[in-house]
Structures are given as C-alpha cells and as structure tokens.
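Visitor: This structure is in structure tokens; I'll ask about it shortly.
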Amino acid sequence: MRLLVCGGAGFIGSTFTRQRLREFADEVTVLDKLTYAGREENFHDFAEDPRFRFVRGGIEDPAAVASAIAAGAPEAIVNFAAETHVDRSIAEPDAFVSTHALGTYVLLEAAREHGLRYLQVSTDEVYGSIEKGTFAEESPLRPSSPYSATKTGADLLVQSYFHTYGLPAVICRGSNNYGPYQYPEKLIPLMILNALHGDPLPVYGDGMQVRNWIHSTDFARAIGHVLAHGAPGEVYNAGGPDEEANMVVVRRIIELTGASESQIDHVSDRPGHDRRYSLSSEKVRALGWSPQVRFEEGLAETVAWYRDNAWWWEPIRSGDYRGYYERQYGRSLG
Ligand code: NAD
Ligand code: TYD
Numbered sequence: 181m182r183l184l185v186c187g188g189a190g191f192i193g194s195t196f197t198r199q200r201l202r203e204f205a206d207e208v209t210v211l212d213k214l215t216y217a218g219r220e221e222n223f224h225d226f227a228e229d230p231r232f233r234f235v236r237g238g239i240e241d242p243a244a245v246a247s248a249i250a251a252g253a254p255e256a257i258v259n260f261a262a263e264t265h266v267d268r269s270i271a272e273p274d275a276f277v278s279t280h281a282l283g284t285y286v287l288l289e290a291a292r293e294h295g296l297r298y299l300q301v302s303t304d305e306v307y308g309s310i311e312k313g314t315f316a317e318e319s320p321l322r323p324s325s326p327y328s329a330t331k332t333g334a335d336l337l338v339q340s341y342f343h344t345y346g347l348p349a350v351i352c353r354g355s356n357n358y359g360p361y362q363y364p365e366k367l368i369p370l371m372i373l374n375a376l377h378g379d380p381l382p383v384y385g386d387g388m389q390v391r392n393w394i395h396s397t398d399f400a401r402a403i404g405h406v407l408a409h410g411a412p413g414e415v416y417n418a419g420g421p422d423e424e425a426n427m428v429v430v431r432r433i434i435e436l437t438g439a440s441e442s443q444i445d446h447v448s449d450r451p452g453h454d455r456r457y458s459l460s461s462e463k464v465r466a467l468g469w470s471p472q473v474r475f476e477e478g479l480a481e482t483v484a485w486y487r488d489n490a491w492w493w494e495p496i497r498s499g500d501y502r503g504y505y506e507r508q509y510g511r512s513l514g
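Start counting the sequence shown at 181; every next residue gets the next number (this note's numbering).
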C-alpha cells in the first residue's frame with residue numbers, strides 16, 4: 181500500500197514506518213512537524229530507502245497536508261501525529277488542542293477530498309482510570325487529562341466523519357508503549373537514563389499506579405492489522421500482555437542497570453493521576469493479531485538498546501530536555 185504516515189518521526193510512528201518498509205512492500209510518505217519529540221535521527225536506518233519520503237509540516241496546515249498527498253499519492257492516512265505527554269498537557273495544553281482537534285480535522289477533510297482510507301492512532305487513556313476489570317471498545321469515554329480529553333475529541337471527530345460522510349475510518353487505541361526510540365520524558369526511558377547516570381528516579385506519589393505495557397513493535401503490528409482487516413467505523417483496542425505497577429517497573433530497571441534502590445525518590449503526585457489502565461483486546465485478536473513480546477523480555481531489550489545507543493539520546497539529554505526536566509522536576513539532571 182502507499183501510506184501517508186503523519187507523526188512518523190516520533191517513537192511509534194517511526195517504529196511503524198520501519199516495520200512497513202522492512203516487512204511489507206509499502207511505500208511510506210511521512211508528514212511530521214518535527215516538534216521536540218520528532219527527530220530525523222529516527223529515520224537513520226531507512227532514510228535512503230527509495231520507498232520512503234519525508235515532508236516536514238504540521239497536520240493542522242492544509243497546504244502541508246496537500247503537498248504530502250501530492251508527493252506520496254497515498255491510498256490511506258495513518259495518523260500518529262500528536263502531543264503525547266500527559267505532564268506537558270497539564271503545564272501547557274495549547275498545542276494539544278490545536279494538533280488533536282484542528283490537525284485531525286484537516287486530515288479528515290483531506291481523506292474525504294481524495295477518497296482515502298483513514299486510521300486514527302489513539303490511546304486507552306480516553307476511557308479514564310479503572311480500579312478493577314478491563315475496558316472494552318464500547319466502554320464510556322471518561323478522559324481525565326488535557327492530553328486524553330483532546331485525544332477523545334479527535335476520536336469522536338473521526339467517528340463523525342464515518343457516520344456523516346461515510347469516510348472509511350478506523351480507530352486503534354493502544355495501551356502504554358515502550359521500546360527503542362521513546363523520548364525520555366516517559367516513565368521507562370526516563371528511569372533507564374536516570375538509572376544509568378546515577379540520577380534520582382522520580383516516582384509520582386506511592387508508585388502503585390498500574391499500566392498495561394505493550395512493546396511498540398506489537399502496537400505497530402496491531403495498527404497494520406486494523407488498517408488491513410478492520411471494519412470501517414469501528415474501534416479496536418490493542419493492549420499488551422502484562423500489567424505492572426510503576427514501582428515494579430522501576431525496581432526491575434534498577435536490577436537491569438545495576439543502579440541503587442537509594443536512587444528512588446517519591447515526588448509529588450501528578451494532578452488528576454489515573455490509577456490504573458487496563459484494556460481488553462479481544463476484538464483485534466479476532467482479526468488474527470496478538471502481542472508477541474512479554475514485558476520482562478521487552479524491558480531487558482529496551483534497557484540494552486538505551487545502553488548501546490547513546491548517539492540517539494545524548495543530544496536530547498544535553499539539549500532542550502534539560503530545561504523541561506528542571507521545570508517539571510524542580511532539579512537539574514546530573
Ligand atoms: P511521540 O511524541 O514520540 O511522537 C509524536 C510525533 O508527532 C512527533 O514526531 C512529532 O513531531 C509529531 N507531531 C506533533 N505534532 C504534530 C503536528 N501538529 N503535525 C505533524 N506532526 C506532529 O509520540 P508517540 O509515543 O510515538 O505516539 C504516537 C501516537 O500514538 C500518538 O497519537 C499517541 O497519542 C498514540 N499513543 C501513544 C502511546 C504511548 O504510550 N506512547 C500509547 C497509545 C497511543
Ligand atoms: P507516562 O510514561 O507519562 O505515561 P502515561 O501517563 O501516559 O501513562 O507515565 C507512566 C506512569 O508512570 C504514570 O503512572 C505516571 C508515572 N510516572 C512517574 O511516576 N514518574 C515520572 O517521572 C513519570 C514521567 C511518570
């Protein structure tokens with residue numbers, strides 16, 4: 181297939197692009213604004229592939245979207261483009277509203293105009309927190325942060341384009357992803373890099389919040405599956421095989437890096453912090469997908485990747501990320 185992958189310079193979008201180029205005969209055009217989270221370094225092993233091209237621009241800019249469509253003549257749009265960090269959405273929600281609401285709208289209009297299939301990449305956070313049990317696709321939407329609320333708004337807009345205009349659109353909602361190329365503001369890469377550098381490990385509140393972890397290659401494969409086999413207008417959840425409390429994840433990272441338990445630092449809790457996420461993925465499993473990577477094995481591989489790929493994270497850790505870290509955590513990185 182010829183795909184327009186929006187947000188393909190980020191963590192999961194670049195993982196998906198790599199997978200499509202390696203394992204399928206697809207042609208991929210990436211449209212990405214290159215915010216702090218988007219990096220051309222993420223193309224390092226496929227930048228020269230003749231089936232790949234890159235257009236820099238924002239999804240909220242109709243001219244940028246039109247030029248990416250003209251460049252790649254896609255049959256489908258896969259939209260990963262988003263502001264993705266809950267803590268940043270609490271501090272500065274503006275870009276979350278414009279990228280998720282306006283950006284998704286511009287892409288949907290382009291899909292309608294050009295007769296393209298559309299896949300919206302979404303998150304389990306749209307369902308909010310669940311103490312017991314799991315969320316299914318028909319569970320109520322109760323987002324709690326500006327991040328998840330604006331992602332929910334985007335999902336509803338996508339569904340309205342199916343109901344109103346018959347746009348062949350699908351939504352795939354993933355649980356917490358981890359793996360190589362994840363920006364170190366997120367729990368797992370933040371803890372790995374701080375552990376390797378002897379920095380404190382900032383655990384929010386009691387650290388007993390639970391997340392359902394999915395390896396980014398498994399989520400990328402679920403998205404491919406939904407694109408190929410999903411029914412228009414439907415939502416598909418894709419959760420990982422394992423749920424863990426944050427403290428368990430942090431302790432495991434300490435063991436894998438040889439860091440010290442004394443680095444654990446319980447800091448103030450995140451406002452409105454969701455206690456637990458849990459997803460039922462029966463519907464996408466019925467399409468023939470299942471996650472391949474168990475958390476224990478995937479986490480060990482991820483720690484090894486960060487240890488071996490300082491070229492990737494050193495420019496981040498010595499750049500703007502330092503200022504973000506100081507504002508967020510009230511202390512400097514070592
Ligand atoms: P990321 O922050 O690593 O990457 C986001 C990418 O989008 C970056 O390349 C950035 O430059 C680009 N971008 C941001 N605003 C843009 C705009 N206006 N126009 C064009 N490009 C723009 O994020 P990620 O973790 O790879 O997440 C990708 C998608 O998956 C998001 O839609 C996110 O909501 C969803 N998701 C993420 C997770 C997770 O755990 N990371 C879980 C479930 C769903
Ligand atoms: P995060 O990676 O931000 O993903 P999300 O909030 O989208 O699930 O956080 C995962 C969990 O880790 C969440 O419960 C918040 C917690 N957390 C910390 O305890 N300390 C941190 O420094 C960060 C970034 C997250």
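Yeah, the Cβ is synthetic: ideal placement off N, Cα and C, and Gly gets one too.
With respect to 7 Å, is the separation between the Cβ of N356 and the closest non-hydrogen atom of the ligand TYD below this value?
Guide: Yes - the ligand TYD has a heavy atom lying nearer than 7 Å to the Cβ of N356.
Visitor: When you compare the CB positions of N142 and Y361, do they come within less than 8 Å of one another, or not?
Guide: Nothing about residue 142 can be reported from this structure: the residues present for the chain run from 181 to 514 only.
Visitor: Identify every residue that forms a DSSP beta bridge with N417.
Guide: N417 pairs with R353.
Visitor: For H294, collect the residues of the same chain with a Cβ closer than 7 Å to its Cβ; drop the 5 residues on either side in sequence, then sort them by chain order.
Guide: I249, listed in sequence order.
Visitor: Closest to Y307 by C-alpha separation, out of Y298, S319 and L299, would be which residue?
Guide: Ranking Y298, S319 and L299 by Cα distance to Y307 puts S319 first.
Visitor: For P382, I'd like the list of residues in its chain whose CB is within less than 7 Å of its CB, leaving aside the five on either flank, ordered along the chain.
Guide: If we look at P382 and ignore the five residues flanking it on each side, its Cβ neighbours are D445, V447 and Y509.
Visitor: Have a look at L513, G378, W491 and V429 and flag the residue whose alpha-carbon is nearest the alpha-carbon of S442.
Guide: Ranking the options by Cα distance to S442, first place goes to G378.
Visitor: Cβ of T515 within 8 Å of Cβ of G387?
Guide: With the chain covering only 181 through 514, there is no way to say anything about residue 515.
Visitor: Over what stretch of residues does the beta strand (DSSP E) that includes Q300 continue unbroken?
Guide: Unbroken beta strand (DSSP E) run through Q300: R297 to T303.
Visitor: Taking only runs that begin and end inside the stretch 254-316, name each unbroken beta strand (DSSP E) of 3 or more residues, in chain order.
Guide: Taking only runs of at least 3 residues, the beta strand (DSSP E) segments lying wholly in the stretch 254-316 are 256-259 and 297-303.
Visitor: Taking the alpha helix (DSSP H) that P326 belongs to, which residues open and close that run?
Guide: Its alpha helix (DSSP H) spans residues P326 to Y345.
Visitor: For I239, name the three-state secondary structure that DSSP assigns.
Guide: Looking at I239 - three-state DSSP - the assignment turns out to be coil, as it is neither helix nor strand.
Visitor: Do you know offhand how far L336's Cα is from M427's?
Guide: The straight-line gap from Cα to Cα measures roughly 34 Å.
Visitor: Report yes if the C-beta of Q389 is less than 7 Å from at least one heavy atom of the ligand TYD; otherwise report no.
Guide: Q389 Cβ: within cutoff of the ligand TYD.
Visitor: Measuring from the CB of Y384, is there a heavy atom of the ligand TYD at a distance below 7 Å?
Guide: Answer for Y384: yes, Cβ within range of the ligand TYD.
Visitor: Considering only residues of the same chain and omitting the five flanking positions on each side of W493, which have a CB-CB separation below 8 Å?
Guide: If we look at W493 and ignore the five residues flanking it on each side, its Cβ neighbours are P364, P369, L373 and Y486.
Visitor: Let me know the alpha helix (DSSP H) ranges lying completely inside the stretch 409-490, each 4 residues or longer, listed in chain order.
Guide: The qualifying runs are 426-437, 462-465 and 475-488.
Visitor: Assuming Y457 contacts S328 under a Cβ cut-off of 8 Å, what Cβ separation, rounded to an integer in Å, is found between them?
Guide: About 10 Å; that fails the 8 Å criterion.
Visitor: Going by DSSP in three states, F234 sits in which element: helix, strand or coil?
Guide: In the structure shown, F234 sits in a strand (DSSP, three-state: E or B).
Visitor: So Y341 and A349 are supposed to be a Cβ contact under 8 Å. How far apart are they, rounded?
Guide: Contact flag correct, Cβ pair sits at about 6 Å.
Visitor: Confirm the yes/no value for this check: CB of T303, any heavy atom of the ligand NAD, distance under 7 Å.
Guide: Under cutoff, so the answer is yes.
Visitor: Please find out if some non-hydrogen atom of the ligand TYD comes closer than 7 Å to the beta-carbon of K366.
Guide: For the ligand TYD, at least one heavy atom lies less than 7 Å from the Cβ of K366.
Visitor: With distances taken from CA atoms, which of A316, S278 and E476 is nearest L462?
Guide: In the sequence on display, residue 462 carries Glu and not Leu. Nearest option by C-alpha distance: A316.
Visitor: Cβ atoms of S396 and S566: under 8 Å apart, would you say?
Guide: No answer is possible for residue 566: the residues shown for the chain start at 181 and end at 514.
Visitor: If I'm right that Y345 touches R292 with Cβ under 8 Å, what's the distance once you round it to whole angstroms?
Guide: So it is a contact: roughly 6 Å between Cβ atoms.
Visitor: Using only the alpha-carbon positions, how far apart do Q300 and L287 sit?
Guide: Rounded to whole angstroms, Q300 to L287 spans 10 Å at the Cα level.
Visitor: Just confirm the distance between the C-beta atoms of A418 and R353, as a whole number of angstroms; I'd bet it's less than 8 Å.
Guide: Sure, about 7 Å apart at Cβ, within 8 Å.
Visitor: Which residue marks the beginning of the alpha helix (DSSP H) containing P505, and which one marks its end?
Guide: The sequence shown places Tyr at residue 505, not Pro. Here the alpha helix (DSSP H) through Y505 covers Y501 to Y509.
Visitor: Please say whether G237 and L515 have beta carbons closer to each other than 8 Å?
Guide: There is simply no residue 515 to check, as the chain begins at 181 and stops at 514 in what is shown.
Visitor: In whole angstroms, what separates the C-alpha of E203 from that of R511?
Guide: Using only the alpha carbons, I get a separation of about 43 Å.
Visitor: Which residue's Cα is closest to the Cα of L282: E263, M181, D267 and S498?
Guide: Closest option to L282, Cα to Cα, is E263.
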